[in-house]
Structures are given as structure tokens and as C-alpha cells.
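A short write-up of the structure that comes next.
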Amino acid sequence: MADPYIILNELAQELRPMPQGIEWFESLSAEEQSNTLRLLSHFCIQARATAEDGPEGIRRAGLRATHTPAVLITRGRIDQQLGKIASLPPHDERLKSFRLLIAVLAVADRRRRERFCSDGCGHAWHRLAVGTLEASA
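Quick note: the sequence shown, position 70, residue 141 per my numbering, numbers continuous.
Dropping the structure here:
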């Protein structure tokens with residue numbers, strides 16, 4: 072199986088198209104999907120996601136404001152809400168959660184790169200290139 076750390080970061084950096092990411096996510100078992108959502112939640116926290124990233128994440132993910140993950144991301148402390156989103160059990164909610172968490176990660180990580188990593192950094196995930204797509208597929 073391809074390295075989920077790379078796949079998730081490629082999706083957040085738009086180096087891998089989202090339809091390919093959705094196909095990959097849907098090919099995972101229910102347990103692997105849950106683990107992937109928890110990993111994404113952790114990545115969002117590491118990237119310093121804020122409550123202000125929620126509405127932009129909803130927009131980028133193409134979710135309606137009434138979808139459960141969208142409602143959760145806009146209420147309460149972001150770290151707690153990310154955990155709740157990652158724990159939603161129904162399959163259709165997991166897919167929406169996946170799309171939303173990728174979008175929130177993209178927003179938070181882009182801001183982090185601009186503020187803290189613009190002059191270079193030691194984060195391996197900030198040095199991914201389009202060539203990694205073939206290696207991880």
C-alpha cells in the first residue's frame with residue numbers, strides 16, 4: 072500500500088487530484104479509513120489549523136454548511152472538533168470528513184509555509200514534488 076503520509080500531503084498540496092484521493096480512500100477498509108481520518112486530524116493540528124480555517128475548508132471541500140462535518144468544524148474548539156469529525160462512523164460521513172480534513176489541512180499548511188517555512192524548513196512533506204505521485208501510486 073502507498074504511504075498514507077505522502078498521499079495525504081500530496082492531496083493537501085494539490086499534487087495529487089482529489090478524485091484520485093477519494094478513490095484511494097474508498098479502497099481502504101473501514102478501520103483504515105478511521106485511522107486515516109485520525110491521522111488527518113493530527114496533521115491539521117500540527118499545521119496549526121484555526122477556527123477561521125473551517126469555513127474556507129468547507130468551501131474547498133464542496134460541502135454544504137448543513138453537512139455534519141461542516142457543522143462540527145464551525146463549532147467549539149478546533150482541536151476537539153477535528154477529533155469529532157475524524158470519529159464520524161457512517162460511510163458517507165467519513166467521505167465528507169475526508170474531503171473536509173484535506174481542505175482544512177491545505178488551508179492551514181499553506182499559511183504555515185508562508186509564515187514559518189518560506190525561507191526553507193526541515194519538513195519532508197514540504198519538499199514533495201509531482202514525481203512522488205508515481206512512486207506512491
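Here a beta-carbon is modelled for each residue, glycine too, at the ideal position from N, C-alpha and C. Because the structure is a prediction, the values reported are computed rather than measured.
Item                                                                                                : Value
Close Cβ partners of Glu-85 (< 6 Å) along its chain, the five nearest in sequence each way excluded : none
Ala-120 beta carbon less than 8 Å from that of Ile-149                                              : yes
DSSP three-state assignment for Thr-145, whether helix, strand or coil                              : coil
Proximity below 8 Å, CB of Leu-134 to CB of Pro-140                                                 : yes
C-beta atoms of Ile-129 and Leu-99 nearer than 8 Å                                                  : no
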